[in-house]
Amino acid sequence: MLAVLSPGQGSQKPGFLAPWLELPGTEARLRWWSALAGVDLVHLGTEAGADEIRDTARTQPLLVAAALLAAEHLPMYDVSVVAGHSVGEVGAAALGGVLSPEAAITFAGVRGREMAAACALEPTSMAALLGGEPEEVVAAIEQYGLYPANRNGAGQIVAAGAIDKLEKLAAERPAGARVRTLQVAGAFHTPFMAPAERALAAVAAGITPADPSKIVLSNLDGSAVNHGRELLQRLVRQVTAPVRWDLCMRTLADLGVTAVIELAPAGTLTGLIKRELAATGVPEMVSLNTPADLAAARDLIARHGVAPDHEPTPQFRVVVSASAGTFEPAAGLAEGDDIASGQVIGHVATRQGPVEVAAHDAGVLTEWLAHHDDPVAPGQPLARIGGHL
């Protein structure tokens, strides 16, 4: 089984699209997409410097365009799984058949502009914490009134919020963790992006998505989403919700993915997978940065890809907590049991009283991700539900 991944903001490099423009039709396509995105993608991908392509309003449509351009030269019909990191999830939605390329580019253009505008409202930023115990790191982030905006796995958690609070966190960092300030415009994937979420919701209301033709993983909880409208809603919510790339990598392992292609500008996601899955088995990987890498990518697909058929494909959904508190599984419910849609599988004990946790879809309880009296946070995965698409 093979997965194709689309990278997110921070992976861009000056001139990284220049080799692709040598391919017939590429420049014309980029000029058409530039009109949709409201930025000059040809200039940004070939001539612009690092500071110019660091601008959120420019970077986001540029990265989505790059992923779509690279994927055009692959036999994507043999690819089983697609996923993207942050804005890369917009590209993944297009590769999975949910959005047209034009809708994805337009959506990314609005996303970039509105997130840049939201960043200008308050002085916020982000910082990566490398190492340390993950739960201790998250607790320290929340202790300073910050948000764990990205849980990238491989010992990397990104904190986001007010600049003065980030400075305090850096001065009193958790044991075993190093802090690296990120050169970003603001606190992405936090409530500070609420104005951008509202603007995106208005645009998304005019998009007609299709149901996925592949397994498309969601940054929200690592689950495979099989309804186009739900995935579009998740793309809107994603700008204020944490990116759980750690859970996406876990699902890749659960699905038995044996090979991975990261689309241009590649390297970040394959690096995370290499470190995260080192103990359990790293899939064969290709970083598709230039057309010179296409031969290796096509060979990987030929050896690991599976042409689509009419057999059911596995679906994994994660039930998450809506509140902070301690988790109590439902009595008598065990892994392997059948779960009905809407069935209560447990509750979270909070100061305001118990909050029921229900499965949104029917399936099989394949794994508890939290256990009796475990402390849980809002959005934390509690159980994994398996079924068929």
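Counting in my numbering, the sequence shown runs from 132 upward without gaps. Glycine included, each C-beta is placed from N, C-alpha and C at the ideal position. This structure is a prediction, so every number in the text was calculated from the model and none was measured.
1) Decide if the segment 256-269 is in contact with the segment 221-230; the criterion is three or more beta carbon pairs, one per stretch, under 8 Å apart.
2) Select from A201, P373, H174, A202 the residue whose C-alpha is nearest the C-alpha of T190.
3) For R406, which residues of its own chain have a beta-carbon under 6 Å away from its beta-carbon, when the five flanking residues on both sides are left out?
4) Measuring only the C-alpha atoms, how far is Q140 from V218?
5) So which of I392, A462, A410 has the shortest CA-CA distance to L419?
6) Identify, in the order they occur along the chain, each residue of the same chain with its Cβ nearer than 7 Å to the Cβ of A239, setting aside the five sequence neighbours on each side.
7) Work out the CA separation of I184 and G473 for me, nearest whole Å.
8) Can you look up V268 in the DSSP assignment and give me helix, strand or coil?
9) On the DSSP bridge assignment, give the partners of R309 in chain order.
10) Is the number of C-beta pairs between the segment 282-298 and the segment 242-257 that are closer than 8 Å three or more?
11) Could you tell me whether the segment 457-470 touches the segment 491-501, using the rule of 3 or more Cβ pairs below 8 Å?
12) CB-CB under 6 Å to V213, same chain, minus the five flanking residues each way: which ones, in chain order?
13) The alpha helix (DSSP H) that contains G222, what's its start and end?
14) Determine the extent of the beta strand (DSSP E) in which R282 is found, giving its start and end residues.
15) Where do the ends of the alpha helix (DSSP H) carrying M246 lie?
16) Out of curiosity, what's the CA-to-CA distance linking R515 and E487?
17) Tell me which residue opens and which closes the alpha helix (DSSP H) that S137 is part of.
18) Who are the near neighbours of E178 in its chain, counting only those whose CB is closer than 7 Å to its CB and skipping five residues on each side?
19) Hey, which unbroken runs of the beta strand (DSSP E) at 3 residues or more fall wholly within the segment 282-351?
20) Report, in whole angstroms, the separation of the C-beta atoms of D352 and V479, which I expect to be a contact under 8 Å.
21) What three-state label does DSSP hand T481 in the structure shown?
22) List in chain order: all unbroken alpha helix (DSSP H) runs of 4+ residues lying wholly within the segment 485-514.
23) Restricting to Cα atoms, I'd like to know which of N283, Q143, F147, V241 is closest to A166.
Reading off the structure:
1) no
2) Sequence index remark: in the sequence shown, residue 190 carries index 59 (1-based). Ranking the options by Cα distance to T190, first place goes to H174.
3) Start at 1 with the first residue of the sequence shown, and residue 406 comes out as number 275. A285, listed in sequence order.
4) As a working note, residue 140 is residue 9 in the sequence shown. As a working note, residue 218 is residue 87 in the sequence shown. Cα-Cα distance, rounded: 7 Å.
5) Position 288 of the sequence shown, counting from 1, holds the residue named residue 419. For L419, the nearest C-alpha among the options comes from I392.
6) Taking the first residue of the sequence shown as position 1, residue 239 is located at position 108. Answer for A239: A168, Q191, P192, V195, V218, V221, listed in chain order.
7) If you number the sequence shown from 1, residue 473 lands on position 342. If you number the sequence shown from 1, residue 184 lands on position 53. Whole-angstrom Cα-Cα distance: 45 Å.
8) Your numbering for residue 268 matches position 137 in the sequence shown. If DSSP states are grouped into helix, strand and coil, V268 belongs with the helices.
9) Counted from its first residue, the sequence shown places residue 309 at position 178. Partner(s): L261.
10) yes
11) yes
12) The residue given as residue 213 occupies position 82 in the sequence shown. Excluding positions up to five away in sequence, the list reads V135, A223, L226, G227, K345, V347.
13) As a first step, residue 222 must be located in the sequence shown, where it is residue number 91. First-last of the alpha helix (DSSP H) with G222: 219-226.
14) Residue 282 sits at position 151 when you count from the first residue of the sequence shown. Here the beta strand (DSSP E) through R282 covers 278-284.
15) Counted from its first residue, the sequence shown places residue 246 at position 115. 232-250 is the span of the alpha helix (DSSP H), which, as asked, contains M246.
16) Locating residue 515 in the sequence shown gives position 384, counting from the first residue. Locating residue 487 in the sequence shown gives position 356, counting from the first residue. R515 and E487: Cα-Cα distance of roughly 16 Å.
17) Here residue 137 corresponds to residue number 6 of the sequence shown, with the count starting at 1. Per DSSP, S137 belongs to no alpha helix (DSSP H); it is in the beta strand (DSSP E), 133-137.
18) For the purposes of this step, residue 178 is taken as the residue at position 47 of the sequence shown. Counting only Cβ-Cβ distances below 7 Å, and skipping sequence neighbours, we find nothing.
19) 287-293, 308-312, 346-348
20) In the sequence shown, residue 352 corresponds to position 221, counting from 1. In the sequence shown, residue 479 corresponds to position 348, counting from 1. Not a contact, Cβ separation roughly 16 Å.
21) What you label residue 481 is simply residue 350 of the sequence shown in a count that begins at 1. Here T481 sits in strand by DSSP.
22) none
23) Mapped onto the sequence shown, residue 166 falls at position 35. Nearest C-alpha to A166: V241.
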